[in-house]
Amino acid sequence: MTLSETLSQVELFEGLEPEELDQIASICEERTLETGHVVAKQGDVGDELFLIWEGLVEVVHEETPEDPAPRTVVNLGQGQVFGEMALVDYGPRSATVRVISETVTLQAIPRDAFLEMCNSHNHLGYVVMRNMAADLSFKLRHQHLIGR
Amino acid sequence: MAMIYKVSYVVQGGDHPGAIVNEDEKPELGKKVMLGSNEFEVVEIVDLMPARGDFSFLHVTVKAIEH
Numbered sequence: 003m004t005l006s007e008t009l010s011q012v013e014l015f016e017g018l019e020p021e022e023l024d025q026i027a028s029i030c031e032e033r034t035l036e037t038g039h040v041v042a043k044q045g046d047v048g049d050e051l052f053l054i055w056e057g058l059v060e061v062v063h064e065e066t067p068e069d070p071a072p073r074t075v076v077n078l079g080q081g082q083v084f085g086e087m088a089l090v091d092y093g094p095r096s097a098t099v100r101v102i103s104e105t106v107t108l109q110a111i112p113r114d115a116f117l118e119m120c121n122s123h124n125h126l127g128y129v130v131m132r133n134m135a136a137d138l139s140f141k142l143r144h145q146h147l148i149g150r
Numbered sequence: 022m023a024m025i026y027k028v029s030y031v032v033q034g035g036d037h038p039g040a041i042v043n044e045d046e047k048p049e050l051g052k053k054v055m056l057g058s059n060e061f062e063v064v065e066i067v068d069l070m071p072a073r074g075d076f077s078f079l080h081v082t083v084k085a086i087e088h
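If you read the protein sequences in the order shown, they are chains A and B.
Per the numbering used here, the very first residue in the first sequence carries number 3; after that it's consecutive.
Per the numbering used here, the very first residue in the second sequence carries number 22; after that it's consecutive.
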């Protein structure tokens, strides 16, 4: 299976045409990381979006003066996206993301190339941003269910 | 293309944060699932949002399996 065909199985790219998936594939960079590796650090500047190809990561809210106990808020596995908040709002990373499976394989997408692609290809940009909003909504619903 | 199930797993009791994972097969009541290195049993399945394209969105409650 090609990278473009595999990308079609990621919700973020649901609804894109094959040639649009090829464009996304052209800016992806695959990384394989071992357990304990910190992919993103809370408070750091973030300029990449990540897709989880295989494996599991934990998303941790680090201690702050207001919240002195670090806590894992969710684990993310195959097909999930993280790093999207810093990508769209240019703010610092909102949480630390750490590999908790033996290894994890990611596709990293650089922000500038990604946003340029969304700006210059209206259909691609609309679909990806719609799906990103749906993914954030899903994560919010998950958090609501955790607190039931 | 076969359906992809995007699942929000919530763990009953304890402090496990749950997980969000894509599954190739629809979870079933009573079946066992692995979240990382931990094994759980499915006790509830609910449609979280309407399906879109090849994606179905589920909320699944699980409980830890005592060994």
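Where a beta carbon is used, it is the ideal one built from N, C-alpha and C, also for glycine.
Start and end of the alpha helix (DSSP H) containing residue i?
i, result
"Gln141 of chain A", "In the sequence under discussion, the amino acid at residue 141 of chain A is Lys, which differs from the Gln named in the question. Lys141 of chain A -> alpha helix (DSSP H) spans Asn124 to Ile148."
What residue does the beta strand (DSSP E) around residue i start on, and which one ends it?
i, result
"Met3 of chain A", "Looking at the DSSP string, Met3 of chain A is not in any beta strand (DSSP E), and its letter there is neither H nor E."
"His80 of chain B", "Phe76 to Ala85"
"Asp68 of chain B", "Asn59 to Arg73"
"Ser29 of chain B", "Ile25 to Val32"
"Glu44 of chain B", "Ala40 to Glu44"
"Lys52 of chain B", "Segment: none, Lys52 of chain B is in no beta strand (DSSP E) and carries neither H nor E."
"Arg100 of chain A", "Thr98 to Val101"
Look at the alpha carbon of residue i and the alpha carbon of residue j, and state the distance between them as a whole number of angstroms.
i, j, result
"Ala110 of chain A", "Asp69 of chain A", "30 Å"
"Arg100 of chain A", "Glu64 of chain A", "12 Å"
"Pro67 of chain A", "Glu22 of chain A", "44 Å"
"Lys43 of chain A", "Ser122 of chain A", "30 Å"
"Val83 of chain B", "Gly57 of chain A", "20 Å"
"Val130 of chain A", "Ile29 of chain A", "15 Å"
"Ser139 of chain A", "Phe84 of chain A", "13 Å"
"Val12 of chain A", "Gly79 of chain A", "12 Å"
"Thr8 of chain A", "Phe116 of chain A", "18 Å"
"Pro38 of chain B", "Thr34 of chain A", "24 Å"
"Asp91 of chain A", "His146 of chain A", "23 Å"
"Met3 of chain A", "Ile26 of chain A", "16 Å"
"Leu137 of chain B", "Glu44 of chain B", "Nothing about residue 137 of chain B can be read from this structure; chain B reaches only from 22 to 88."
Determine the burial state of residue i: buried for a count of at least 16 other Cβ atoms within 10 Å of its Cβ, exposed for fewer.
i, result
"Pro71 of chain B", "exposed"
"Ile86 of chain B", "exposed"
"Gly81 of chain A", "buried"
"Glu86 of chain A", "buried"
"Lys47 of chain B", "exposed"
"Asp137 of chain A", "buried"
"Ser29 of chain B", "buried"
"Met134 of chain A", "buried"
"Glu60 of chain A", "buried"
Contained beta strand (DSSP E) runs [length at least 3] in the stretch 10–93 of chain A, N- to C-terminal order
DSSP runs (the beta strand (DSSP E)) wholly in the stretch 10–93 of chain A: 31–36, 40–42, 50–56, 59–63 and 73–78.
Okay, do the stretch 39–49 of chain A and the stretch 88–99 of chain A touch, 3+ Cβ pairs below 8 Å being the bar?
The way I'd put it, the stretch 39–49 of chain A does touch the stretch 88–99 of chain A; three or more beta-carbon pairs between them come closer than 8 Å.
For the 8 Å Cβ check, are there 3 or more pairs between the stretch 3–20 of chain A and the stretch 125–142 of chain A?
In short, these stretches touch, since the Cβ pair count reaches three.
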